[in-house]
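Student: Here my numbering is used: the sequence shown runs in plain steps of one and ends on residue 206.
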Amino acid sequence: MPDHRFEESILRSLRRIIRALDIQSKQLAQHHQLTGPQLVCLRELSRLGRCTPSELARVVSVSQGTMTGILDRLEARGLVERERDPSDRRRHLLSITEAGAASIKSAPSSLHERFSRRLRSLEEGEQAMIAWVLGRVVDMMEASEIDAAPMLSPDSALTDEVSAYGRERSGEVDAHERSRQEASKADASKPKST
């Protein structure tokens, strides 16, 4: 009878990784009304200062379409501003608002940030071994052709950004999404108590 202890251990570890991403995503959405990709974009925009959407998309390794959806939501909530570039009216410049900076400060460090910090603390040989093993796992799952940004976030977070953006563009925003958007706008327009 074959020994399946390694198989079970590996599958359990993969499941834990998936669950950790899902739990963090839900906590971030529940407590901070942000997705992982939105938080990453806010933090990078804060670090970069004013930049174009394409520059930010390049830094966080997402497509222009995905970035547009993320920025639309962040702008609707008053967390970022887009304005025309005075030197080139065809371009927009992004900047983070005070509300966006406050969101960054109140949000916990992401699983991505904690993982990256710990990964960088490992010896180069350990990092290479992890990269090789995970590459093999990707190949075994026949997932090497799947496009993925180098950020730890459930794919659903990016997919939700893109699909909601597509529904808005085509006029197919459902009542739930519309009421959520209106509530977000109302919250953003309320005076902040000090």
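Don't be surprised by glycine CBs; every beta carbon is placed ideally from N, CA and C.
All of these numbers come straight from a predicted model, not from anything done at the bench.
Measure from the alpha carbon of residue 22 to the alpha carbon of each residue in 122, 84, 149, then state which is nearest.
Tutor: 149
Student: Ends of the alpha helix (DSSP H) at residue 86?
Tutor: 76–88
Student: Between the segment 65–85 and the segment 19–34, do three or more beta carbon pairs fall short of 8 Å?
Tutor: no
Student: Between 143, 64, 44, which lies nearest to residue 100 when the distance is taken from Cα to Cα?
Tutor: 64
Student: Taking just the CA atoms, how far does residue 27 sit from residue 116?
Tutor: Take the alpha-carbon of residue 116 and the one of residue 27: they are about 29 Å apart.
Student: Hey, out of 57, 96, 142, 154, whose CA is closest to residue 112's CA?
Tutor: Per the Cα distances, 57.
Student: Mind checking whether residue 109 and residue 90 have CB atoms under 8 Å apart?
Tutor: Inclusion of residue 109 and residue 90 in the CB contact set at 8 Å is warranted, their separation being smaller than that value.
Student: In chain order, what residues of the same chain lie with their CB nearer than 7 Å to the CB of residue 55, ignoring the 5 residues before and after it?
Tutor: 116
Student: Along the chain, where does the beta strand (DSSP E) that runs through residue 151 open and close?
Tutor: It is not in any beta strand (DSSP E) - residue 151 instead sits in the alpha helix (DSSP H) that spans 136–152.
Student: Measure the C-alpha to C-alpha separation of residue 61 and residue 127 and round it to an integer number of angstroms.
Tutor: 25 Å
Student: Could you give the first and the last residue of the continuous beta strand (DSSP E) run that contains residue 107?
Tutor: 100–108
Student: Does the Cβ of residue 29 have 16 or more other Cβ atoms within 10 Å, making it buried, or fewer, making it exposed?
Tutor: exposed
Student: For residue 41, which of 140, 118, 157 has the nearest alpha-carbon?
Tutor: The shortest C-alpha separation from residue 41 is found at 118.
Student: How long is the line joining the alpha carbons of residue 98 and residue 121, rounded to whole angstroms?
Tutor: Near 35 Å, if we compare the C-alpha coordinates of residue 121 and residue 98.
Student: Assuming contact is defined by CB atoms lying nearer than 8 Å, are residue 96 and residue 83 in contact in what I supplied?
Tutor: no
Student: Quick check: what's the CA-CA separation for residue 16 versus residue 141?
Tutor: Taking C-alpha positions only, residue 16 is separated from residue 141 by approximately 23 Å.
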